[in-house]
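Undergrad: Let me begin by handing over the structure; questions about it come next.
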Amino acid sequence: MRGNFLLSLIAYTLILFGLLSMNGPLVGLSLIYVIYLAISYLSAPRNIRIDATRTISTRRVSTNTPCEVTISVANTGSTLEAVLFEEALPTGLKVQEGALRHIFHIPAGKTVTWKYTINGSRGYYTFEEIIAKARDPLWMSSREEKASANGQLFILPPVLRLKNLSIRPRRTRVYSGIVPARTGGPGIEFFDVREYQTGDPLRWINWRLSARYPSTWFTKEYEQERVADVGIILDGRLSANLISENKSIFEYSALAAAAVSGTFLAQGNRVGLLVYGQFIQWTFPGYGRVQRERILRALALARLGTSQVFSHLEYIPTRLFPSHSQLILISPLVADDPDVIVRLRSRGYKIVLISPDPVSFEASYLPDAPEFKQAERIIRMQRELMLEKIRHAGIQVVDWNVSTPFDQVMNQHFRRLPVLPERTGGRK
Amino acid sequence: MNRAIEVLCIVISTTVLSAAYITGGYITAAMVIVFIGAGWLVAELYKWIPVTFLGLLFSSLAAGAGILLDLQIWLVFLGAAAGLAAWDLTRFNQHLQLAADTDDVRDLEKRHLGWLGGTLFIGLLLAGGSIVAQAQLPFGWIMIFAILGVLGLVRFVAWVSRS
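Chains as they are written, first to last, in this note's numbering: chain A, 1 to 428; chain B, 1 to 163.
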């Protein structure tokens with residue numbers, strides 16, 4: 001029951017009975033309640049004039065890194081006896097320190113400030129308004145006002161440092177880098193021998209071969225190292241990533257994409273990102289730190305989705321990637337995917353498949369029962385067959401058990417594997 | 001601090017109202033008031049908020065009945081005012097639970113207690129004044145005031161319901 005209604009009822013009853021029974025003290029008793037109501041009514045805030053500003057300590061932050069939000073509210077109207085400020089935090093963020101609700105007494109012209117610390121999962125968050133509920137001095141009635149206090153925050157996936165991430169695409173770009181270019185010229189690794197040409201450095205002359213053919217001089221060529229085009233395809237299909245009702249392996253895929261893109265960009269390569277899920281989210285290829293930021297923001301926005309058109313990898317728009325470039329596909333894989341990936345390989349792309357292992361991921365949540373173990377074995381065999389089919393097509397496969405740190409897995413994998421010879425086609 | 005005053009108000013309301021009934025010779029009614037006051041106190045300690053509405057309703061009912069029974073008027077007024085204060089403070093404390101740890105709750109409490117004290121003082125003063133300065137009005141005037149009062153209260157209740 002509302003307080004003012006109850007008080008009105010009591011006062012009304014007392015006055016009515018007082019008048020009917022011609023009892024003055026009864027009407028006098030009602031004055032206690034009437035005065036309470038009257039003061040509450042007369043002192044109720046008529047209008048609230050406030051200006052709110054929100055300051056966020058940073059516009060971008062890594063996952064689970066605390067970020068401080070400061071809100072200042074200036075009272076440009078009359079004195080507010082008591083104001084409750086509250087706001088709803090966007091889903092995915094949580095308060096680490098401080099509170100979202102505050103009550104202040106704000107004299108006219110004064111400003112109040114409060115702070116809280118938040119953290120959260122990967123995403124792009126917008127803050128919009130705060131709600132102010134001003135109360136009368138007896139806290140009987142309230143008046144609500146919304147004050148705009150906009151802000152935005154990118155929570156980016158952590159960028160792990162990867163070592164030895166060597167690739168060997170068929171085609172490279174003209175700028176020097178660290179990717180072997182399959183072309184003779186200045187470099188480190190021996191590539192070929194050719195006839196001496198004017199201007200070749202003397203230390204490049206192959207003396208042994210030149211001695212064998214006295215009329216000709218021969219020069220050693222080294223393999224040029226250049227930057228390459230790297231296209232990262234992040235599989236955001238719900239069917240591939242959603243393991244059970246609330247558990248998704250997509251966060252690991254996003255983490256892998258951030259690490260790989262960061263490493264390739266640090267090596268000087270031109271990197272683009274395609275998030276393939278409910279729709280196609282394409283980050284145009286580019287170089288350097290700006291591109292790194294663009295990709296991280298795209299990853300912050302990446303969400304799982306389902307679409308009839310993009311339910312299969314079949315519709316990856318290969319036109320976006322230069323022919324014979326390097327593709328990094330990050331996907332947990334579903335049954336139809338290996339054929340599509342092999343076809344992609346046959347078009348001349350060099351592919352590295354990074355596949356977060358959904359079987360171990362799901363098994364870690366299941367009870368330790370024999371029937372689950374049996375099911376796990378069967379599904380694992382199916383997955384092994386899929387991965388084997390892809391490996392036979394000359395595709396490097398990183399089978400990532402997500403309980404192991406990604407950088408550790410990648411460093412081990414790329415240290416162990418030498419550059420693979422060219423090979424296409426499946427198992428004969 | 002607020003909570004202690006709140007409990008004190010319940011105790012005062014119960015004690016004063018029961019004292020008024022005892023001095024009037026209504027021992028059983030006084031015992032009922034003490035019993036209900038104890039129940040209100042227990043409900044307050046366990047934070048059963050809806051019971052405070054019943055507490056306010058009962059204290060005003062007991063005060064109204066006390067006036068009809070010609071009990072000590074000042075005791076009755078005081079009991080009613082203390083009941084209203086207890087109910088108000090319960091609501092206030094409930095609202096204060098939304099405040100953050102860093103908020104200056106003590107200042108809000110002081111300000112509210114100041115307003116509440118002032119309001120009750122004015123209310124008691126006017127109620128007492130209405131007893132001291134009694135004027136004999138003709139029946140017609142009484143009817144007009146009654147109709148105006150009822151209409152005014154109806155409009156007020158309607159405004160309260162809307163807001």
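Each residue gets a CB set at the ideal place from its N, CA and C atoms; glycine is no exception. Remember, predicted model here, so these are calculated numbers, not experimental data.
How would you list, in chain order, the residues of chain A whose beta-carbon sits under 8 Å from the beta-carbon of B/Ile-122?
TA: Here residue 122 of chain B refers to the residue found at position 122 of the second sequence. Those are Ile-35, Ile-39, listed as they occur along chain A.
Undergrad: In chain order, what are the residue ranges of uninterrupted beta strand (DSSP E) at least 3 long that sit wholly in the region 6-68 of chain B?
TA: If we require 3 residues or more, the region 6-68 of chain B turns out to have no beta strand (DSSP E) run fully inside it.
Undergrad: When the cut-off is 8 Å and only beta carbons count, does A/Arg-46 lie next to chain B?
TA: In the first sequence, residue 46 of chain A corresponds to position 46, counting from 1. Chain B contact via Cβ: absent.
Undergrad: According to a CB-to-CB cut-off of less than 9 Å, which residues of the region 78-103 of chain B neighbour chain A?
TA: Ala-80, Ala-81, Leu-84, Trp-87, Asp-88, Arg-91, Phe-92, His-95, Leu-96, Leu-98, Ala-99, Ala-100, Asp-101, Thr-102, Asp-103
Undergrad: State yes or no: is the beta carbon of B/Thr-28 nearer than 8 Å to at least one beta carbon in chain A?
TA: Here residue 28 of chain B is taken as the residue at index 28 of the second sequence, counted from 1. So, not an interface residue.
Undergrad: Can you give me the Cβ contacts of A/Arg-194 inside the same chain, cut-off strictly under 8 Å, excluding the 5 residues immediately before and after it?
TA: Counting from one through the first sequence, the residue named residue 194 of chain A turns up at place 194. Residues of the same chain with a CB within less than 8 Å of the CB of A/Arg-194, apart from the 5 flanking positions on each side, are Gly-184, Phe-218, Thr-219, Glu-221 in chain order.
Undergrad: When burial is assigned at 16 or more other CB atoms within 10 Å of the CB, is A/Glu-245 buried or exposed?
TA: By one-based count along the first sequence, residue 245 of chain A stands at place 245. Flag for A/Glu-245 reads exposed.
Undergrad: Can you check the region 226-276 of chain A for any alpha helix (DSSP H) of at least 4 residues that lies completely inside it and give the ranges in chain order?
TA: 238-241, 250-266
Undergrad: What ranges does the alpha helix (DSSP H) occupy inside the region 282-324 of chain A, keeping only unbroken runs of at least 4 residues that lie completely in it?
TA: 288-301
Undergrad: At what residues does the beta strand (DSSP E) containing A/Pro-180 begin and finish?
TA: Within the first sequence, residue 180 of chain A is the residue found at index 180, counting from 1. A/Pro-180 -> beta strand (DSSP E) spans 176-195.
Undergrad: If you draw a straight line from the C-alpha of A/Asn-150 to the C-alpha of A/Ala-258, how long is it?
TA: Numbered from 1 along the first sequence, position 150 holds the residue referred to as residue 150 of chain A. Numbered from 1 along the first sequence, position 258 holds the residue referred to as residue 258 of chain A. Cα to Cα, A/Asn-150 sits roughly 28 Å from A/Ala-258.
Undergrad: Using a Cβ-Cβ cut-off of less than 7 Å, list which residues of the region 122-156 of chain A approach chain B; keep chain order.
TA: Pro-137, Leu-138, Trp-139, Ser-141
Undergrad: For a contact defined as C-beta to C-beta under 8 Å, what are the partners of A/Val-69 on chain B?
TA: Here residue 69 of chain A corresponds to residue number 69 of the first sequence, with the count starting at 1. Within 8 Å Cβ-Cβ: nothing; A/Val-69 doesn't reach chain B, min ~14 Å.
Undergrad: When the Cα atoms are used, what is the spatial distance from B/Leu-71 to A/Pro-137?
TA: Against the second sequence, residue 71 of chain B aligns to sequence position 71. Against the first sequence, residue 137 of chain A aligns to sequence position 137. So the two alpha carbons sit approximately 33 Å from each other.
Undergrad: Looking only at its own chain, which residues have a Cβ that is under 7 Å from the Cβ of A/Phe-434, when we skip the five neighbours before and after it?
TA: For residue 434 of chain A there is no data in the structure shown, the boundaries of chain A being 1 and 428.
Undergrad: Based on the DSSP output, what are the partners of A/Arg-135 in its beta bridges?
TA: For this step, residue 135 of chain A is matched to residue 135 along the first sequence. Beta-bridge pairing links A/Arg-135 to A/Ala-82, A/Ser-142.
Undergrad: What residues match up with A/Leu-327 in a beta bridge as DSSP calls it?
TA: As a first step, residue 327 of chain A is located in the first sequence; it is residue number 327 there, counting from the start. According to DSSP, which records beta bridges pairwise, A/Leu-327 is partnered with A/Gly-231, A/Ile-351.
Undergrad: Identify every run of the alpha helix (DSSP H) within the region 60-145 of chain B, keeping only runs that are complete inside it and at least 4 residues long; order them along the chain.
TA: 73-96, 105-132
Undergrad: Given that B/Ala-63 touches chain A, what residues does it touch there, using C-beta distances under 7 Å?
TA: To locate residue 63 of chain B, count along the second sequence from 1; it is residue 63. What B/Ala-63 touches in chain A: Leu-29.
Undergrad: Does A/Leu-80 come within less than 8 Å of chain B when only Cβ atoms are used?
TA: Position 80 of the first sequence, counting from 1, holds the residue named residue 80 of chain A. Chain B contact via Cβ: absent.
Undergrad: Skipping 5 residues on each side, what residues in its chain have a beta carbon closer than 7 Å to that of A/Phe-154?
TA: The residue given as residue 154 of chain A occupies position 154 in the first sequence. Excluding positions up to five away in sequence, the list reads Arg-59, Arg-60, Tyr-124, Arg-297, Ala-300.
Undergrad: Just to check my reading of the structure: B/Leu-17 and B/Gly-79 have Cβ atoms closer than 8 Å, yes? What is that Cβ distance to the nearest angstrom?
TA: The count along the second sequence starts at 1 and reaches residue 17 of chain B at position 17. The count along the second sequence starts at 1 and reaches residue 79 of chain B at position 79. Right, their Cβ atoms sit about 4 Å apart.
Undergrad: Using the rule of at least 16 other Cβ atoms within 10 Å of the residue's Cβ for burial, across every protein chain shown, is B/Asn-93 buried or exposed?
TA: As a position in the second sequence, residue 93 of chain B is number 93, starting the count at 1. It counts as buried.
Undergrad: Smallest Cα separation from A/Leu-387: which of A/Glu-376, A/Trp-400, A/Ala-375?
TA: Along the first sequence, read from residue 1 onward, the residue named residue 387 of chain A stands at position 387. Considering only alpha carbons, the answer is A/Trp-400.
Undergrad: Alpha carbon to alpha carbon, how far is A/Phe-284 from A/Leu-273?
TA: Here residue 284 of chain A corresponds to residue number 284 of the first sequence, with the count starting at 1. Here residue 273 of chain A corresponds to residue number 273 of the first sequence, with the count starting at 1. Using only the alpha carbons, I get a separation of about 7 Å.
Undergrad: Can the beta-carbon of A/Ile-249 be found closer than 8 Å to that of A/Ile-330?
TA: Walking along the first sequence from the start, residue 249 of chain A turns up at place 249. Walking along the first sequence from the start, residue 330 of chain A turns up at place 330. Not in contact: A/Ile-249 and A/Ile-330 (Cβ atoms no closer than 8 Å).
Undergrad: Would you say A/Arg-173 and A/Ala-228 are within 8 Å of each other, going by their C-beta atoms?
TA: Your numbering for residue 173 of chain A matches position 173 in the first sequence. Your numbering for residue 228 of chain A matches position 228 in the first sequence. A contact, by the Cβ cut-off of 8 Å.
Undergrad: Between which residues of its own chain and A/Gly-177 is the CB-CB distance below 8 Å, once the five residues before and five after are set aside?
TA: Here the question's residue 177 of chain A lines up with position 177 in the first sequence. Contacts found: Glu-225, Arg-226, Val-227, Ala-228, Gln-267, Gly-268, Asn-269.
Undergrad: Is DSSP giving A/Lys-428 helix, strand or coil here?
TA: Looking up residue 428 of chain A in the first sequence gives position 428. Interpretation of A/Lys-428 is limited by its pLDDT of 37, a score under 50 that renders its predicted location unreliable; the figure taken from the coordinates is listed afterwards. If DSSP states are grouped into helix, strand and coil, A/Lys-428 belongs with coil.
Undergrad: Would you mind stating whether B/Leu-126 and A/Ile-35 have Cβ atoms separated by less than 8 Å?
TA: Walking along the second sequence from the start, residue 126 of chain B turns up at place 126. Walking along the first sequence from the start, residue 35 of chain A turns up at place 35. In contact: B/Leu-126 and A/Ile-35 (Cβ atoms closer than 8 Å).
Undergrad: Assign A/Met-140 to buried or exposed, taking buried as 16 or more other Cβ atoms, counted over all protein chains shown, within 10 Å of its Cβ.
TA: Residue mapping note: residue 140 of chain A aligns to position 140 of the first sequence, counting from 1. A/Met-140 is buried by the Cβ-count criterion.
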